[in-house]
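Asker: So our numbering is basically just the index in the sequence shown, starting at one, shifted up by 60. Glycine included, C-beta positions come from ideal geometry on N, C-alpha and C.
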Amino acid sequence: MKYNDNDYFRFVYVVHNNEITVEAMKFVFYLRYHTKFGETLAITADFSEPGAEDKCMEMQYFNDEYWKLEMDIDSSAIPQRTLRYKYALRTAEGLVIDEFQQPRQLIIEDDVDTLKIYDTWNYAGAIANVFYTAPFQKVLLPRHKAVKAKPTKEVTHLFKVKAPLIHKDEVVCILGAEESLNNWNISDPVLLKYDGEQWFTGLDLTNTRFPFAYKYGIYNKAKNEFVRFENGGNRVCFEPVLIQGRVVLQDGFVNLPDNTWRGCGIAIPVFSLRTKNGLGVGEFSDLKLLTDWAAKTGLKLIQILPINDTTATHTWTDSYPYAAISAFALHPVYINLEAIESEKSKEWKTSLNNKRKQLNELAQIDYEAVMKYKMAALQELFEKNGDHCLGTEDYKGFFERNGHWLKPYAAFCYLRDKFGSPNPADWGANAVYEEGKIDEFFEEKSIAFKQVQFFCYVQYQLHLQLSVAVEYAHKKGIVMKGDIPIGVYRYGCDAWVAPELYNMQWQAGAPPDDFAVKGQNWGFPTYNWQQMQQDGFTWWRERFKQMSFYFDAFRIDHILGFFRIWSIPLHAVQGIMGRFDPCIPVHISEFGEQGIWFDYERFCMPYITDEILWELFREGTEGVKKEFLQKHGPHQYLLLPQFDTQKKVEAYFKERQDAESIRLRNGLYDLISNVILFEEEETSQTAFHFRIALDQTSSFRHLQPHVREKLWNLYIDYFYHRQDEFWKKESLKKLPGLKAVTDMLVCGEDLGMVPDSVPGVMKQLGILSLEIQRMPKQQGAAFFNPARAPYLSVVTPSTHDMSTIRGWWQEDRNITQHFYNTELGQSDEAPYFCEPWINRAIVLQHLYSPAMWSIFQLQDILGMSGTLRRENPEDERINVPANPQHYWRYRMHLTLEQLLKEKDFNEELKDYVVNSGR
Numbered sequence: 061m062k063y064n065d066n067d068y069f070r071f072v073y074v075v076h077n078n079e080i081t082v083e084a085m086k087f088v089f090y091l092r093y094h095t096k097f098g099e100t101l102a103i104t105a106d107f108s109e110p111g112a113e114d115k116c117m118e119m120q121y122f123n124d125e126y127w128k129l130e131m132d133i134d135s136s137a138i139p140q141r142t143l144r145y146k147y148a149l150r151t152a153e154g155l156v157i158d159e160f161q162q163p164r165q166l167i168i169e170d171d172v173d174t175l176k177i178y179d180t181w182n183y184a185g186a187i188a189n190v191f192y193t194a195p196f197q198k199v200l201l202p203r204h205k206a207v208k209a210k211p212t213k214e215v216t217h218l219f220k221v222k223a224p225l226i227h228k229d230e231v232v233c234i235l236g237a238e239e240s241l242n243n244w245n246i247s248d249p250v251l252l253k254y255d256g257e258q259w260f261t262g263l264d265l266t267n268t269r270f271p272f273a274y275k276y277g278i279y280n281k282a283k284n285e286f287v288r289f290e291n292g293g294n295r296v297c298f299e300p301v302l303i304q305g306r307v308v309l310q311d312g313f314v315n316l317p318d319n320t321w322r323g324c325g326i327a328i329p330v331f332s333l334r335t336k337n338g339l340g341v342g343e344f345s346d347l348k349l350l351t352d353w354a355a356k357t358g359l360k361l362i363q364i365l366p367i368n369d370t371t372a373t374h375t376w377t378d379s380y381p382y383a384a385i386s387a388f389a390l391h392p393v394y395i396n397l398e399a400i401e402s403e404k405s406k407e408w409k410t411s412l413n414n415k416r417k418q419l420n421e422l423a424q425i426d427y428e429a430v431m432k433y434k435m436a437a438l439q440e441l442f443e444k445n446g447d448h449c450l451g452t453e454d455y456k457g458f459f460e461r462n463g464h465w466l467k468p469y470a471a472f473c474y475l476r477d478k479f480g481s482p483n484p485a486d487w488g489a490n491a492v493y494e495e496g497k498i499d500e501f502f503e504e505k506s507i508a509f510k511q512v513q514f515f516c517y518v519q520y521q522l523h524l525q526l527s528v529a530v531e532y533a534h535k536k537g538i539v540m541k542g543d544i545p546i547g548v549y550r551y552g553c554d555a556w557v558a559p560e561l562y563n564m565q566w567q568a569g570a571p572p573d574d575f576a577v578k579g580q581n582w583g584f585p586t587y588n589w590q591q592m593q594q595d596g597f598t599w600w601r602e603r604f605k606q607m608s609f610y611f612d613a614f615r616i617d618h619i620l621g622f623f624r625i626w627s628i629p630l631h632a633v634q635g636i637m638g639r640f641d642p643c644i645p646v647h648i649s650e651f652g653e654q655g656i657w658f659d660y661e662r663f664c665m666p667y668i669t670d671e672i673l674w675e676l677f678r679e680g681t682e683g684v685k686k687e688f689l690q691k692h693g694p695h696q697y698l699l700l701p702q703f704d705t706q707k708k709v710e711a712y713f714k715e716r717q718d719a720e721s722i723r724l725r726n727g728l729y730d731l732i733s734n735v736i737l738f739e740e741e742e743t744s745q746t747a748f749h750f751r752i753a754l755d756q757t758s759s760f761r762h763l764q765p766h767v768r769e770k771l772w773n774l775y776i777d778y779f780y781h782r783q784d785e786f787w788k789k790e791s792l793k794k795l796p797g798l799k800a801v802t803d804m805l806v807c808g809e810d811l812g813m814v815p816d817s818v819p820g821v822m823k824q825l826g827i828l829s830l831e832i833q834r835m836p837k838q839q840g841a842a843f844f845n846p847a848r849a850p851y852l853s854v855v856t857p858s859t860h861d862m863s864t865i866r867g868w869w870q871e872d873r874n875i876t877q878h879f880y881n882t883e884l885g886q887s888d889e890a891p892y893f894c895e896p897w898i899n900r901a902i903v904l905q906h907l908y909s910p911a912m913w914s915i916f917q918l919q920d921i922l923g924m925s926g927t928l929r930r931e932n933p934e935d936e937r938i939n940v941p942a943n944p945q946h947y948w949r950y951r952m953h954l955t956l957e958q959l960l961k962e963k964d965f966n967e968e969l970k971d972y973v974v975n976s977g978r
């Protein structure tokens with residue numbers, strides 16, 4: 061945003077009777093906002109033809125309550141006689157923050173030559189803003205009949221206000237201390253009309269004394285009775301009637317309780333759904349049955365895992381839903397073959413029925429078998445019906461709207477299969493993406509033509525089936541919530557098309573925690589945020605837009621990545637070898653300031669001694685020395701060059717997967733990670749990053765006590781103090797603009813090593829947090845109590861990355877007993893197994909939480925029933941984060957048809973939901 065003082069005034073000069081006059085309309089803007097020292101406010105407005113750059117004008121400080129801008133403009137030049145404008149705040153640090161809403165609109169009337177507009181800043185974190193997101197506006201809240209605001213000439217004052225949570229038969233009303241406002245007579249208030257976003261009324265206040273007090277209220281039209289006044293003190297109108305002018309008071313939100321709406325949802329991956337006619341995996345069409353069950357039990361939301369195409373190797377490793385080869389394409393595994401419009405032979409149907417019987421009886425998904433059959437069947441359907449489908453106007457529209465990602469994706473799939481590798485480096489002349497070459501694939505003379513058309517055809521069919529399922533859910537009053545992964549697959553379409561948007565030399569992951577003591581390495585390249593910022597984060601904007609075609613809300617996987625991401629060098633395997641990026645390093649001078657003699661070799665190289673080797677390898681120590689190490693001085697060792705990185709060690713043991721080899725490999729990993737500092741690249745040994753979990757390294761333990769103490773002080777400052785404000789600024793460069801481009805409800809997965817600034821930024825932007833009972837964010841707390849959840853949050857007892865309630869109950873007897881006594885209020889010994897009443901009690905704790913949403917894994921809901929729950933809770937787990945090679949294959953043990961017939965259980969669940977106020 062650029063300020064330009066020359067944009068304050070715009071005049072049109074007209075020659076009339078040899079005299080030059082100025083045709084201009086006066087606008088006076090007053091914005092209610094209390095600024096801090098160094099902050100300024102501005103208006104961006106559209107005063108020209110559509111598509112032209114908006115004008116930006118700096119406002120002037122008026123008083124402690126208001127900022128003001130006065131200007132004259134040619135009203136005839138305002139597009140479509142509607143002025144669109146928006147406010148922006150510039151902080152003392154120069155950061156520009158737009159107010160949270162679509163541009164405000166003022167309809168310009170011919171009978172007015174002056175407009176005075178009193179506005180209230182729309183704070184992104186205001187709870188009421190949540191109710192203007194897609195779930196509430198499109199699905200959950202009652203719809204009021206909208207009419208267009210057309211003030212008559214007699215109107216001197218136009219009142220506008222928002223009230224998203226009023227009931228179907230209710231309207232906003234206004235009362236005041238004047239005759240025109242019926243002298244506070246609640247039996248005859250002035251009723252407002254609804255324009256699709258705000259409630260409004262125009263009043264003639266010609267004979268009114270100013271200033272006067274007024275207040276909004278709620279009126280029930282069906283009962284013809286006044287319901288209540290808004291909370292808080294009276295509002296005051298100071299601006300008197302204008303000659304040839306009008307006063308517009310845009311009063312923000314009616315002051316009513318905004319934390320009363322609460323809902324409940326179910327979380328389950330699409331692939332985990334089971335139906336009686338399934339093909340061994342859940343499909344988009346199965347969401348209809350899940351919707352039926354959700355509606356029957358009083359639930360309002362279905363949350364699923366990412367559904368993007370992950371087909372990289374055509375093996376079971378592609379089952380990992382967070383490793384998308386395209387951030388836009390849908391996964392073919394979710395296609396329902398029978399639902400595709402095409403001629404199907406008797407043989408084709410017989411083959412499908414046989415395969416269905418084989419795959420659907422399996423307890424878990426056979427990913428490779430499902431994909432192999434579906435892709436072959438899709439090829440057959442395409443050969444029979446593809447030309448007809450691709451010739452329809454609907455398909456052509458789909459292709460035109462999605463061509464920017466669909467063409468590169470289809471070309472990627474073709475080249476992946478042609479060369480038997482997803483790595484573009486193996487593709488010869490196509491290793492580097494060139495749009496012109498890809499366009500040639502779509503020419504009929506091209507040998508690639510049929511195959512790229514096939515991949516487009518599959519995406520179109522997936523789009524149709526998912527769209528139908530979403531529309532069905534909306535009609536049933538059910539919201540769809542998706543999941544945006546923080547990363548993209550290293551050898552995927554997105555990285556091929558625009559490698560400059562990613563740091564390909566780094567791997568994204570997570571630092572160590574209780575669930576993955578060596579950290580997590582997801583293998584994704586990290587984002588080059590500086591490059592992405594150059595075009596206003598276009599890739600992210602397009603990604604959000606694509607999500608909004610199917611989802612009303614979404615979960616940002618690892619939202620901490622927008623503050624900083626855990627970055628692991630390519631030569632490392634374990635997440636523990638990473639560091640945060642961006643990050644302020646420790647300068648070499650800081651060690652001297654702390655009285656630490658800096659020893660590069662001791663701090664930055666693996667510390668290996670006989671004692672450490674014995675701790676790791678015991679009787680195998682001599683063999684390790686002989687095969688992997690070389691002597692370095694009288695008491696230390698170095699790894700041989702062929703084994704001095706974790707990736708080299710991994711490659712060496714690739715074909716050796718027996719228990720002893722794995723133990724030896726992991727021990728070598730520990731030697732390599734036994735360092736205190738990582739050097740910042742290209743700083744000539746002057747800037748460094750601490751290795752995470754420093755106190756758990758033998759290298760640190762073997763230092764002198766006074767050196768340990770001083771290093772620890774630097775370590776604490778590095779991780780918990782110096783970065784926080786820096787990371788906050790980084791997040792505010794990205795999140796406000798990205799959130800503003802979508803009307804979806806945004807939920808953040810803010811778990812792990814959370815910087816102090818994260819809760820404040822999420823609250824400031826109105827992003828819902830995630831609260832998990834067994835992962836308290838308060839330091840020193842054993843558990844999180846759902847009753848203490850903030851309103852703008854999602855509470856859940858478990859996620860797909862954790863064991864279920866029942867599984868967790870059996871993991872650690874001491875923790876279970878503590879939970880049983882403190883959180884469930886029981887004084888006796890905890891049952892060894894999680895009995896149905898315990899599971900039910902935990903579910904009810906979450907249902908009665910003040911959080912906006914309580915969302916449960918299906919497994920945790922079924923855990924309340926002794927007859928419906930799975931026998932072995934370990935079979936309910938979806939993912940094990942500590943295992944990067946986990947096979948994602950969990951399936952429901954019941955069919956959705958069976959679940960729908962469980963009348964007693966469904967009524968019990970609905971009673972719990974309704975009685976909890978959800």
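Kindly indicate which three-state DSSP category Lys963 falls into: helix, strand or coil?
Answerer: Lys963: helix per DSSP, three-state reduction.
Asker: Under 8 angstroms, do Glu831 and Ala842 count as touching if we go by C-beta distance?
Answerer: The answer is no: Cβ separation not under 8 angstroms.
Asker: Which partner residues of Asn280 appear in the DSSP bridge assignment?
Answerer: DSSP lists Glu230 and Glu285 as partners of Asn280.
Asker: Would you give the residue range spanned by the alpha helix (DSSP H) that Asp641 belongs to?
Answerer: Element bounds for Asp641: not the alpha helix (DSSP H) but the beta strand (DSSP E), Arg639 to Asp641.
Asker: Taking contact to mean 3 or more Cβ pairs, one atom from each stretch, closer than 8 angstroms, check whether the segment 297–305 and the segment 515–534 are in contact.
Answerer: No: the two stretches stay apart, fewer than three of their Cβ pairs being nearer than 8 angstroms.
Asker: Are the beta-carbon atoms belonging to Leu805 and Ser829 less than 8 angstroms from one another?
Answerer: No, they are not a contact pair.
Asker: Per DSSP, what kind of secondary structure is Thr439 in: helix, strand or coil?
Answerer: Checking the sequence, you will find Gln at residue 439 rather than Thr. Correct three-state label for Gln439: helix.
Asker: Helix or strand or just coil, what does DSSP make of Val735?
Answerer: Residue state, collapsed to three classes: coil.
Asker: Just the Cα atoms here: how many angstroms apart are His618 and Arg624?
Answerer: Answer to the nearest angstrom: the Cα atoms are 10 angstroms apart.
Asker: Does the separation of the CB atoms of Arg751 and Ile736 fall below 8 angstroms?
Answerer: Contact flag set, yes.
Asker: Secondary structure at Leu349, three-state DSSP: helix, strand or coil?
Answerer: Residue state, collapsed to three classes: helix.
Asker: Are Arg639 and Phe738 close, meaning C-beta to C-beta below 8 angstroms?
Answerer: Against a cut-off of 8 angstroms, the Cβ pair of Phe738 and Arg639 comes out as a contact.
Asker: Does the distance from the CB of Ile328 to the CB of Lys541 come in under 8 angstroms?
Answerer: Going by C-beta atoms, Ile328 is not nearer than 8 angstroms to Lys541.
Asker: Is the beta carbon of Lys176 sitting closer than 8 angstroms to the one on Leu235?
Answerer: No, they are not a contact pair.
Asker: Rounded to a whole number of angstroms, what is the C-alpha to C-alpha distance between Glu679 and Leu728?
Answerer: Computed Cα separation, rounded: 15 angstroms.
Asker: Let's test the definition: count the other Cβ atoms within 10 Å of the Cβ of Ile507 and tell me whether it reaches 16, buried, or not, exposed.
Answerer: Exposed: under 16 other Cβ atoms inside 10 Å.
Asker: Under 7 angstroms Cβ to Cβ from Ala502, same chain only, skipping five residues before and after it: list those, please.
Answerer: According to the sequence as given, residue 502 is Phe; it is not Ala. Excluding residues within five positions, the ones whose Cβ falls inside 7 angstroms are Lys467, Phe509 and Val512.
Asker: Residues in the same chain with beta-carbon distance under 6 angstroms from Leu959, minus the five sequence neighbours each way, listed in chain order, please.
Answerer: Around Leu959: Trp353.
Asker: Let me know if Tyr279 comes out buried or exposed under the rule of 16 or more other beta-carbons within 10 Å of its beta-carbon.
Answerer: Buried, since its Cβ has 16 or more Cβ neighbours within 10 Å.
Asker: In three-state terms, what does DSSP make of Gln591?
Answerer: Looking at Gln591 - three-state DSSP - the assignment turns out to be helix.
Asker: With distances taken between CB atoms, is the gap from Ser909 to Val974 smaller than 8 angstroms?
Answerer: For Ser909 and Val974, no; Cβs fall outside 8 angstroms.
Asker: With a 10 Å radius around its C-beta and 16 neighbouring C-beta atoms as the bar for buried, classify Tyr780 as buried or exposed.
Answerer: Looking at its Cβ environment, which holds fewer than 16 other Cβ atoms inside 10 Å, Tyr780 is exposed.
Asker: Does the segment 856–874 touch the segment 925–935, meaning 3 or more C-beta pairs lie closer than 8 angstroms?
Answerer: With the cut-off at 8 angstroms, the segment 925–935 and the segment 856–874 touch.
Asker: May I have a chain-ordered list of the alpha helix (DSSP H) segments no shorter than 4 residues that lie completely inside the segment 884–951?
Answerer: Whole alpha helix (DSSP H) segments, 4+ residues: 896–907 and 918–922.
Asker: Tell me, to the nearest whole angstrom, how far the beta carbon of Met822 is from that of Gly812; I am working on the premise that it is less than 8 angstroms.
Answerer: Contact doesn't hold; Cβ gap of about 14 angstroms is too wide.
Asker: Tell me the rounded alpha-carbon separation between Gln310 and Ser527.
Answerer: C-alpha separation (whole angstroms): 37 angstroms.
Asker: Would you report the Cα separation of Trp244 and Gly977, rounded to the nearest angstrom?
Answerer: Spanning the two alpha carbons is a distance of roughly 34 angstroms.
Asker: Are Phe584 and Arg550 touching if we call contact CB-CB under 8 angstroms?
Answerer: Yes; because the gap between Cβ atoms is below 8 angstroms, this pair is in contact.
Asker: With 16 other CB atoms within 10 Å as the buried threshold, where does Ile303 fall?
Answerer: Per the 10 Å Cβ criterion, exposed.
Asker: Does the pairing of the segment 406–425 with the segment 476–491 give three or more beta-carbon distances under 8 angstroms?
Answerer: Result no; under three Cβ-Cβ pairs closer than 8 angstroms.
Asker: Taking the alpha-carbon positions, what's the Leu265 to Gln161 distance?
Answerer: Between Leu265 and Gln161, the C-alpha separation is close to 30 angstroms.
Asker: Please tell me whether Leu698 and Val684 are closer than 8 angstroms, where the distance is taken between their beta carbons.
Answerer: Contact flag unset, no.
Asker: Spatial neighbours of Lys336 within its chain, please: C-beta separation below 7 angstroms, excluding the five flanking residues on both sides.
Answerer: Excluding positions up to five away in sequence, the list reads Thr955 and Glu957.
Asker: How would you label Asn413, buried or exposed, when you count the other beta carbons within 10 angstroms and need 16 or more for buried?
Answerer: Classification for Asn413: exposed.
Asker: If you follow the beta strand (DSSP E) that His165 is part of, which residue opens it and which one closes it?
Answerer: Before going on, a small fix: residue 165 reads as Gln here, not His. First-last of the beta strand (DSSP E) with Gln165: Arg164 to Ile167.
Asker: Cβ of Gly1022 within 8 angstroms of Cβ of Lys360?
Answerer: Outside the shown range of the chain (61 to 978) lies residue 1022, about which nothing can therefore be said.
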